[in-house]
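Following: one structure in structure tokens, then a few remarks.
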Amino acid sequence: MKHSTIIVGAGIGGLSAAWALRDDPDLLVLDGGDHVGGHSDTAVVRPDGPDGPEVAVDTGFIVHNDLTYPNLVALFEHLDVERAPSDMSFAFTGGPAAGSRGGEAEYSGSLGGLLGHGGWHRRSNLRLTRDIVHFGRVAAAASADGTDHITLAELSARFSPEFRDRYLYPMAAAIWSSPDIDVAAMPARSLIAFFHQHGLFRLRNRPRWSTLAGGSASYVDALVGSLAGEVRHGVSVCSVTRVGDAVVVSAADGQSWSADRVVLGTHADVSLALLGDDATPTERDVLGRFRFSPNRAYLHSDPTWMPQPTQPLVGMERLGDTVGGGHGDVLDEPSAAA
1 MKHSTIIVGA GIGGLSAAWA LRDDPDLLVL DGGDHVGGHS DTAVVRPDGP DGPEVAVDTG
61 FIVHNDLTYP NLVALFEHLD VERAPSDMSF AFTGGPAAGS RGGEAEYSGS LGGLLGHGGW
121 HRRSNLRLTR DIVHFGRVAA AASADGTDHI TLAELSARFS PEFRDRYLYP MAAAIWSSPD
181 IDVAAMPARS LIAFFHQHGL FRLRNRPRWS TLAGGSASYV DALVGSLAGE VRHGVSVCSV
241 TRVGDAVVVS AADGQSWSAD RVVLGTHADV SLALLGDDAT PTERDVLGRF RFSPNRAYLH
301 SDPTWMPQPT QPLVGMERLG DTVGGGHGDV LDEPSAAA
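Using the UniProt record's numbering, the letters of the sequence shown map in sequence onto residues 1 to 338.
What follows is the structure, given as structure tokens:
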């Protein structure tokens, strides 16, 4: 059987394409994972014990807002999935033994976060607060003074070490789930653009963040249920090859399918590997430009990795093993397990 369209990858990219073709009964969606949804990965847990109520906890895609996710919000509304208010606050803990909550510095992303830790009078905290305000002014003039053509490390030289190690690098590392050593080489314009788009330079009228009631799996289930075609997971696609007027998709277990067209909803490096020698020069050029860093996620309820009792729970917390070294490498999202 020749399909009209085969989509490889059932993350948000592949599923969005599938939804656009939802009325096509000859559509086939293939994914190599153990679930459909990609980064939309919801775990159902019982935090109060085996007899307690079930709680859906997202471990990948967690939050969104109306301002910067208009198409995604429109999709949620079309699928009639329930949204609920959420939080996108930030906290940082650093210093020796930060992972065991013995760090030298801790704050949550507000003035109250600094005051709550009893360190409002420290010069380092005053410098940090001053530079956070100053950063907004520098970013506002970025295009005019050439700041958008320098790295984050070069930009950080304009500020105090406290700002670099306790705010700028941890924030960038949390946003992109990358080690501090990697974000230092990032173009400053990338972080500045993200801050502008998400209203992080504003003191008021910031975007309101939301999550999906029942976890991100609720939209995945609704979307897949609306498709006239077929969705299969656990299928390890190994190659995509053009053959005449068709495209052949082959799996590691020997299965193969033919289609008029194929949509690759996989990461750029995976897509390039699937195309192999069949990739065009343009495909090699575009897909070969992307870089990735591995990240390991743990779902836990260990209180020793949560903010100290003096601090509120926040949306994201960055843990660093040194203050001044810029090597923090743990991102915790306490609100995901709330």
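Heads up, the beta-carbon is just placed ideally off N, CA and C, and yes, glycines get one too. Keep in mind that this is a model prediction, so the values were computed, not measured.
### Supposed close pair P85, S216 - CB separation, criterion 8 angstroms
Residue 85 sits at position 85 when you count from the first residue of the sequence shown. Residue 216 sits at position 216 when you count from the first residue of the sequence shown. That belief does not hold up - the Cβ atoms of P85 and S216 are roughly 16 angstroms apart, past 8 angstroms.
### Nearest residue (CA-CA) to G14, options M1, H39 and K2
Taking the sequence shown and counting its residues from 1, one reaches residue 14 at position 14. For G14, the nearest C-alpha among the options comes from H39.
### Query
Nearest to L21 by CA position, among L287, L223, I175 and A268, is which residue?
If you number the sequence shown from 1, residue 21 lands on position 21. Ranking the options by Cα distance to L21, first place goes to L223.
### Task
Could you check how far apart the C-beta atoms of A188 and I132 are, in whole angstroms? I think they sit under 8 angstroms.
Residue numbering aside, residue 188 sits at position 188 when the sequence shown is read from its first letter. Residue numbering aside, residue 132 sits at position 132 when the sequence shown is read from its first letter. Rounded, the Cβ-Cβ distance is 16 angstroms, inconsistent with contact.
### Message
For L111, count the other beta carbons within 10 Å of its own beta carbon; 16 or more makes it buried, fewer makes it exposed. Which is it?
### Response
In the sequence shown, counting from the first residue as 1, residue 111 sits at position 111. Only weak support exists for where L111 lies, its pLDDT of 48 falling under 50; the value from the coordinates is given anyway. Classification of L111: exposed, given that the 10 Å Cβ count is below 16.
### Message
Considering only their Cβ atoms, is the gap separating S218 from V81 smaller than 8 angstroms?
### Response
Counting from one through the sequence shown, the residue named residue 81 turns up at place 81. Counting from one through the sequence shown, the residue named residue 218 turns up at place 218. Taking 8 angstroms as the Cβ cut-off, V81 and S218 qualify as a contacting pair.
#### Entry: Proximity winner among R206, P161 and L287, relative to D87 (alpha-carbon distances)
Numbered from 1 along the sequence shown, position 87 holds the residue referred to as residue 87. When only C-alpha atoms are compared, the closest one is R206.
#### Entry: Residue of D48, L275, P294 and G254 minimising C-alpha distance to T266
Start at 1 with the first residue of the sequence shown, and residue 266 comes out as number 266. Of D48, L275, P294 and G254, the residue nearest in Cα terms is L275.
### Query
At which residues does the alpha helix (DSSP H) containing R284 begin and terminate?
Here residue 284 refers to the residue found at position 284 when the sequence shown is read from its first residue. Run containing R284: P281 to L287, per the alpha helix (DSSP H) assignment.
#### Entry: Assigned secondary structure, L227 (DSSP; H/G/I helix, E/B strand, else coil)
The sequence position of residue 227 within the sequence shown is 227, counting from 1. Of the three classes helix, strand and coil, the one that applies to L227 here is coil, per DSSP.
### Task
Kindly indicate which three-state DSSP category T304 falls into: helix, strand or coil?
By 1-based counting over the sequence shown, the position of residue 304 is 304. Helix at T304.
### Query
By the 10 Å Cβ neighbour count, where 16 or more other Cβ atoms means buried, how is residue 415 classified, buried or exposed?
Outside the shown range of the chain (1 to 338) lies residue 415, about which nothing can therefore be said.
### Message
Taking a contact to mean a Cβ-Cβ separation below 8 angstroms, would you say P47 touches V36 in this structure?
### Response
Locating residue 47 in the sequence shown gives position 47, counting from the first residue. Locating residue 36 in the sequence shown gives position 36, counting from the first residue. The answer is no: Cβ separation not under 8 angstroms.
### Task
Following the continuous alpha helix (DSSP H) through H78, name the residue where it begins and the one where it ends.
Residue mapping note: residue 78 aligns to position 78 of the sequence shown, counting from 1. Taken as a continuous stretch (DSSP letters only), the alpha helix (DSSP H) holding H78 covers P70 to L79.
### Task
Determine, using beta carbons only, whether H3 and L30 come nearer to each other than 8 angstroms.
One-based indexing of the sequence shown puts residue 3 at position 3. One-based indexing of the sequence shown puts residue 30 at position 30. No; because the gap between Cβ atoms is not below 8 angstroms, this pair is not in contact.
### Task
Taking only the alpha-carbon atoms, compute the straight-line gap between G214 and R289 and give it to the nearest angstrom.
Within the sequence shown, residue 214 is the residue found at index 214, counting from 1. Within the sequence shown, residue 289 is the residue found at index 289, counting from 1. Going by the C-alpha atoms only, they are around 37 angstroms apart.
### Message
I need the boundaries of the alpha helix (DSSP H) containing A268, first residue and last residue.
### Response
Against the sequence shown, residue 268 aligns to sequence position 268. Segment A268 to L275, the alpha helix (DSSP H) holding A268.
### Query
Going by Cα to Cα distance, which pick from P53, G136 and H233 is closest to I7?
In the sequence shown, the residue the question calls residue 7 occupies position 7. With distances taken between Cα atoms, I7 lies closest to H233.
### Message
Excluding the 5 residues flanking T42 on each side, which residues of the same chain have their C-beta closer than 6 angstroms to its C-beta?
### Response
By one-based count along the sequence shown, residue 42 stands at place 42. Answer for T42: A56, D58, G215, S216 and A217, listed in chain order.
### Task
Specify the secondary structure class of L21 as computed by DSSP and reduced to three states.
One-based indexing of the sequence shown puts residue 21 at position 21. Correct three-state label for L21: coil.
### Query
Just reading off the beta strand (DSSP E) that I7 is part of, what are its end residues?
Taking the sequence shown and counting its residues from 1, one reaches residue 7 at position 7. Note, I7: beta strand (DSSP E), K2 to V8.
### Message
So the candidates are L272, N295, P281 and P161; which of them puts its Cα closest to the Cα of R130?
### Response
To locate residue 130, count along the sequence shown from 1; it is residue 130. It is P161 whose Cα lies nearest to the Cα of R130.
### Query
Which runs of the alpha helix (DSSP H), 4 residues or longer, sit entirely within the segment 189-245?
217-225
### Query
What is the DSSP secondary structure of N65, reduced to helix, strand or coil?
Taking the sequence shown and counting its residues from 1, one reaches residue 65 at position 65. In the structure shown, N65 sits in a strand (DSSP, three-state: E or B).
### Query
Under a Cβ-count criterion, where at least 16 other Cβ atoms within 10 Å of its own Cβ denotes burial, should T304 be classed as buried or exposed?
Here residue 304 refers to the residue found at position 304 when the sequence shown is read from its first residue. With fewer than 16 other Cβ atoms within 10 Å, it is exposed.
### Message
Just verifying my parser: in three-state terms, what is the DSSP assignment at G13?
### Response
By one-based count along the sequence shown, residue 13 stands at place 13. In this structure, G13 counts as helix in the three-state DSSP scheme.
### Query
Are there 16 or more other CB atoms within 10 angstroms of the CB of P170, so buried, or fewer, so exposed?
By 1-based counting over the sequence shown, the position of residue 170 is 170. Buried, since its Cβ has 16 or more Cβ neighbours within 10 Å.
### Task
Flag T280 as yes if its beta-carbon sits less than 8 angstroms from any beta-carbon of chain E, otherwise no.
You won't find chain E in this structure, because it holds only one protein chain.
### Message
For I192 and S271, I'd like the C-alpha separation in whole angstroms.
### Response
For the purposes of this step, residue 192 is taken as residue 192 along the sequence shown, with counting starting at 1. For the purposes of this step, residue 271 is taken as residue 271 along the sequence shown, with counting starting at 1. Answer to the nearest angstrom: the Cα atoms are 30 angstroms apart.
### Helix, strand or coil at L299 [DSSP, three-state]
Reading the sequence shown from its first residue, position 299 is the one you call residue 299. If DSSP states are grouped into helix, strand and coil, L299 belongs with coil.
### Message
Mapping the DSSP letters down to three states, classify F92 as helix, strand or coil.
### Response
Taking the first residue of the sequence shown as 1, we reach residue 92 at position 92. Correct three-state label for F92: strand.
### Task
Can you grab the Cα-Cα spacing for the pair G33 / G229, in whole Å?
On the sequence shown, residue 33 is found 33 positions in, with the first residue counted as 1. On the sequence shown, residue 229 is found 229 positions in, with the first residue counted as 1. If I take the Cα positions, the gap works out to 19 angstroms.
### Message
Determine whether the beta carbon atoms of A173 and A153 lie at a separation below 8 angstroms.
### Response
Numbered from 1 along the sequence shown, position 173 holds the residue referred to as residue 173. Numbered from 1 along the sequence shown, position 153 holds the residue referred to as residue 153. Cβ atoms of A173 and A153: not closer than 8 angstroms.
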